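Engineer: Supplied in C-alpha cells, the structure appears directly below.
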Amino acid sequence: MSGGRDGRADPGRGRGHSLRAFKAILAKDLRVELRTLQSVPAMALFGVTTFVLFRYGLDRTTLSGGLAAGVLLATVLFAAILAINRLFVAERDEGGFDAIRLAPVDGTALGGAKAAALIVYLVMLEVITLPVFALFFLDSWAGLAPVAGVLALADVGLAATGVLVSAIAANSRARDLLVPLVLLPLLIPVMIAAANAAEPLLAAQGPAYGGIGKWVGVLALYDMTFIAVGFAVYDFLLED
Amino acid sequence: MPELASVQGKIEPPAPATPLAVSVSGLWREFGEMPVLCDVALTLHGGETVSVLGPNGAGKTTLLRVLATLLRPTAGEVSVLGCSLPRESWRARGRIGYLGHEPLLYRDLSCAENLRFAARLHGLPGDAAERIAELLDRVRMSRRADELVRNLSAGMVQRLAVCRAVLHQPELLLLDEPRSHLDPEAAALVEPLIGPGPERARVLVTHEIDLGLAEADRVLALRAGGVVAYEGKASGLSAGDARAIYGGAP
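Sequence lines, in order, name chains A and B. When the letters of the first sequence are read in order and numbered with this note's numbering, they come out as residues 3 to 242. When the letters of the second sequence are read in order and numbered with this note's numbering, they come out as residues 1006 to 1255.
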C-alpha cells in the first residue's frame, strides 16, 4: 500500500490506487445498504409480488420452457431497475460525486464499485426469489442450478449497462424516467440471450443443455462489450 | 467605483520566492450562455491566503469549484499547484482540500466511517486511524465518532467537514464560508486546522469583510456577474472599498 510522505496523500501514486478506491466505494455502498435496506428488500418484495401476479394473471400453477424463462427474467429485469435508479442517489444528494472527484480516483473505480454492488444486490434478489419462483411455477427444481448460472451472466450485463445509464442519468431531473427508457432497449439482447439459454433448462421434461452454448456466448460477449464501454467512458461521465 | 479603479494596476513589489500555488489568467466560466466568471486573474503563492469577496452571484463558489477541479474553465489559463487545469487535474487532486457549501459526507455513515472512507480514497497509509482520532479530538467530536452524520447538528457536520477537508494534509485549502453554522467556540476549534499557515496556501471565500481582509495576503473582489473589481494585495483595499463592491451594480 502506498502511503505518502508524512502521512500526506501521495498524488504521485497514479492509477494503481484505483483498486483500493474500488474496494472503499463498494464497502461503503454495501454498508449503507445493510444499514438502510433501501434497495434489496424493495427488489425482493417486487419480485415476489410479480410472481403472485403472474400466477393468478396467467391462471397457471406450472410454467415451463420459454414462458417460465420469460416470467423469471422479466421479473429480475424490472426489479433490477429499482436498484439501478437508486445507485447514485447518495453520490448525487450527499455530494459523493464531488468527494470522489476531489480524490485522485479514476472514474472506473466508481463505476466498477457500483456495478459490483449492483451484482451483489441482484444475487441477493435471486437467492430470495428463485426458490419462490420454483415453488410457484416449477414441477422440478432440477433446472434451477444451471438457470442460476445463466442469471449470473445476465446480472453482469445488467450491472454493466445499468451503471452506465444510471451514471448518465444521475444529474438529470428526469432520471427516474430516463433510466428505464434508455436502459430497457439496451437490455433487449441480454433478455433474448438469457431467455433462450434458460428455456431448455426449464423444460417440462427436465433441463436440456443442447444449444445453450451459443446463447451463453452471446451473453458473455454482451457483458464484455459493456464492461469495456464502461472502462472507456466512466472517467468522462464523472467529469464536469 | 473610482477608488477601486485607482488601486488596480499599481506596481507591486516583487512576489515572494515561494512557488505559485494558484495562477489564473483570463478565466471565463459560463453556464449555458450565461457568463459567471469574466476574465478573472489571480495569483497566490505557497503559504499565502487570498480572500475572495463579492456579493451573491458574483461567482465566488464557481471560482472555488474551478480551482478544485470540479468545474472546467470555459476559457483561460488555470494552474493549481503547478498543474494546468483541466488537462492535469489528475495530478492536482489529492493535494487540494475543499470545504464548500455541502459537507460531502454520507448521512448514513458514522463520523469515523466517513473519514475512513475519505482516507482510503486519498490513499492514506492504513486507515489513517491516528490522524482521524487526532482530528476528531481537535474538533471535540471524539465521543460522536460512531454516530451517524444524519443525527448531527449543522455545526457538528461542519466540524466534521473541516476534518474531511484537511484529513490528507492538503497543500492548498479552498474554503467557502468555512465558519458557517459554527458558534464562536467551534470556530476557534477549527481555526488551527484551516487558518493561515506556512505549509498551505488558502483561497478563502467569505462575507465577513473585516476578517477576510485581516487574514488575507491578497484579495480578489468580484462584482455581481463575475467581473473583477479588485485583485491585488490586501493592504491595497480598504474595508470601505470592499463593502462598496457589495452595493455596486454589476
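Beta carbons are placed, not taken as given, at the ideal position from N, Cα and C, and that holds for glycine. Quick caveat, the model's predicted, so the values are computed rather than measured.
Compute the Euclidean distance between the alpha carbons of B/Val1029 and B/Leu1047, then round it to the nearest angstrom.
Structural biologist: Distance between the alpha carbons of B/Val1029 and B/Leu1047: 5 Å.
Engineer: Alpha carbon to alpha carbon, how far is A/Leu188 from A/Ala156?
Structural biologist: Taking the straight line from one Cα to the other gives about 13 Å.
Engineer: Beta-carbon of A/Gly232 versus every beta-carbon of chain B: anything under 7 Å?
Structural biologist: Taking Cβ atoms only, chain B never reaches closer than 7 Å to A/Gly232, which makes this a no.
Engineer: In angstroms with no decimal places, state the Cα-to-Cα distance between B/Pro1078 and A/Ile130.
Structural biologist: Whole-angstrom Cα-Cα distance: 49 Å.
Engineer: Residues in its own chain within less than 7 Å of A/Ile121 by CB, not counting five upstream and five downstream?
Structural biologist: Excluding positions up to five away in sequence, the list reads Asp157, Val158, Ala161.
Engineer: How would you write the range of the alpha helix (DSSP H) that B/Tyr1111 sits in, first residue to last?
Structural biologist: Per DSSP, B/Tyr1111 belongs to no alpha helix (DSSP H) and is neither H nor E.
Engineer: Ignoring anything shorter than 4 residues, give me the alpha helix (DSSP H) runs that lie fully in the region 165-210 of chain A, in order along the chain.
Structural biologist: Counting whole runs of 4 or more residues, the region 165-210 of chain A contains the alpha helix (DSSP H) stretches 177-200.
Engineer: Using a Cβ-Cβ cut-off of less than 8 Å, give me the residues of the region 1062-1090 of chain B that come near chain A, in sequence order.
Structural biologist: If the cut-off is 8 Å between Cβ atoms, the region 1062-1090 of chain B has Ala1073, Thr1074, Leu1075, Leu1076, Arg1077 near chain A.
Engineer: According to DSSP, simplified to helix, strand and coil, what is B/Arg1076?
Structural biologist: In the sequence as displayed, the identity of residue 1076 of chain B is Leu instead of Arg. In this structure, B/Leu1076 counts as coil in the three-state DSSP scheme.
Engineer: Using a Cβ-Cβ cut-off of less than 8 Å, list which residues of the region 1180-1191 of chain B approach chain E; keep chain order.
Structural biologist: As a matter of chain content, chain E is missing from the structure shown, whose protein chains are A and B.
Engineer: Return no unless some Cβ of chain B is closer than 7 Å to the Cβ of A/Lys30.
Structural biologist: Chain B contact via Cβ: present.
Engineer: Roughly how many whole angstroms lie between the Cα atoms of A/Ala196 and A/Ser174?
Structural biologist: Cα-Cα distance, rounded: 31 Å.
Engineer: I need the straight-line Cα distance from B/Leu1187 to B/Gln1163, nearest angstrom please.
Structural biologist: C-alpha separation (whole angstroms): 7 Å.
Engineer: Under 8 Å, CB to CB, which of the residues in the region 87-107 of chain A have a partner in chain B?
Structural biologist: Taking 8 Å as the Cβ-Cβ cut-off against chain B, the residues of the region 87-107 of chain A that qualify are Ala92, Glu96, Gly97, Gly98, Asp100, Ala101, Ile102, Arg103, Leu104, Ala105, Pro106, Val107.
Engineer: So that I know if they touch, is there some Cβ in chain A lying closer than 7 Å to that of B/Leu1120?
Structural biologist: Not one chain A Cβ lies under 7 Å of B/Leu1120.
Engineer: Determine the closest residue to A/Thr52 out of A/Leu132, A/Gly213, A/Lys25, with distance taken between C-alpha atoms.
Structural biologist: Residue A/Leu132 is the option with its Cα nearest to A/Thr52.
Engineer: Quick check on the DSSP output: the alpha helix (DSSP H) that includes A/Phe48 runs from which residue to which?
Structural biologist: First-last of the alpha helix (DSSP H) with A/Phe48: 42-60.
Engineer: Check the Cβ of B/Leu1114 against every Cβ in chain A and list those closer than 9 Å, keeping chain order.
Structural biologist: In chain order: Lys30, Arg33, Val34, Arg37.
Engineer: Taking the alpha-carbon positions, what's the A/Ala172 to A/Val42 distance?
Structural biologist: So the alpha carbons of these two residues sit roughly 20 Å apart.
Engineer: Could you tell me whether any Cβ in chain B is nearer than 7 Å to the Cβ of A/Ala26?
Structural biologist: True, the Cβ-Cβ gap to chain B drops below 7 Å.
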